[in-house]
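In the working numbering, the protein residues as written are 942 to 1187.
Quick look at the structure:
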């Protein structure tokens, strides 16, 4: 069983060491804030490691976001500065540019483009303020590829990459975050469905399979294995040709 206090302290020390080794003393952590558990826990970890004055939250709704008040409330709760950048018009402009070429949008492009636009916005903000972009993905999402390559899977440092969803929740509670931030139903913020609706199984089932190798439903086990194998390219280094010098 995870020792949430020990892991929380280890992550905090790791973030502090990362910034000490890779950034100037005033460098900010730039965190995309959705109001979900992952971004909430990452933001809280960064505040604990660096202090609230070195954290900048970035809210990136796509038009109207029904739960954006949760994101506002998180920034207020943590006492961090934030900016809001609505990505609706840039995304639509890009879609229009595609249409002018004769290329027809499909579901994959429609789903992934906003996530990549958000990461482009995060890196632009980071460049403006001289920051480092926090990746907010967790192990459960990465395991099955439930992230957009060069979108929400990108970042400069990744505090939660080795933690399952259940473990992220435990660390969030150890940080003292209110339940509305750590127990919030996971939702991608783009298609309107919960993560578990999209996946067809719960994170509890996935987390148990990752940590214990146990899945009571054979069809779900096969689906998880298939997703894991198909999406390894999202978490592995880019394949490169290696020159053989004779």
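All C-beta atoms in this analysis are idealised placements derived from N, C-alpha and C, irrespective of residue type, glycine included.
Count Cβ pairs between the region 1043-1060 and the region 1004-1023 that sit closer than 8 Å; are there 3 or more? The region 1043-1060 makes no contact with the region 1004-1023, as fewer than three CB pairs between them are under 8 Å.
Three-pair Cβ contact test at 8 Å for the region 1178-1186 versus the region 1104-1120: no
Restricting to Cα atoms, I'd like to know which of 1089, 1084 and 1094 is closest to residue 1106. For residue 1106, the nearest C-alpha among the options comes from 1084.
Which runs of the alpha helix (DSSP H), 4 residues or longer, sit entirely within the region 1044-1092? 1048-1070 and 1080-1084
So, for residue 1143: in the same chain, excluding its five sequence neighbours on each side, which residues have a beta-carbon less than 6 Å away from its beta-carbon? 1137
Would a C-beta distance cut-off of 9 Å place residue 974 and residue 1015 closer than the cut-off? yes
Whole-angstrom distance between residue 1164 and residue 991, CA atom to CA atom: 40 Å
Taking 8 Å as the cut-off, does the CB of residue 970 come closer than this to any heavy atom belonging to the ligand PLP? The ligand PLP is absent from the structure shown, which contains no ligands of any kind.
Extent of the continuous beta strand (DSSP E) to which residue 1183 belongs: Residue 1183 -> no beta strand (DSSP E), and no H or E assigned at all.
Would you mind stating whether residue 1096 and residue 1079 have Cβ atoms separated by less than 9 Å? no
Give the straight-line distance between the Cα atoms of residue 1057 and residue 1091, rounded to the nearest whole angstrom. 6 Å
Using 10 angstroms around the beta-carbon of residue 1089, count the other beta-carbons present and answer buried if the total reaches 16, otherwise exposed. buried
Applying the 10 Å Cβ sphere with the 16-neighbour rule, what's the burial state of residue 1155? exposed
Return the chain-ordered list of same chain residues with a C-beta closer than 7 Å to the C-beta of residue 1162, the five sequence neighbours on each side being excluded. 1150 and 1156
According to DSSP, is residue 956 helix, strand or coil? helix
Proximity to residue 1011 [Cα-Cα], best of 1140, 995 and 978: Considering only alpha carbons, the answer is 978.
Per DSSP, the bridge partner or partners of residue 996: 970
For the pair the region 1042-1049 and the region 946-965, tell me if three or more CB-CB distances fall below 8 Å. no
Out of 984, 957 and 1024, state which residue places its alpha-carbon closest to the alpha-carbon of residue 1123. 984
Please confirm whether residue 1086 and residue 1173 have their CB atoms less than 9 Å apart. yes
State buried or exposed for residue 1082, treating a residue as buried only when at least 16 other CB atoms are found within 10 Å of its CB. So residue 1082 counts as buried.
Among the candidates 986, 965 and 1004, whose CA atom is the shortest distance from the CA of residue 1100? Restricting attention to 986, 965 and 1004, the CA atom closest to the CA of residue 1100 is found in 986.
Round the Cβ separation of residue 971 and residue 1074 to the nearest angstrom and send it over; I've been treating them as touching at under 8 Å. 5 Å
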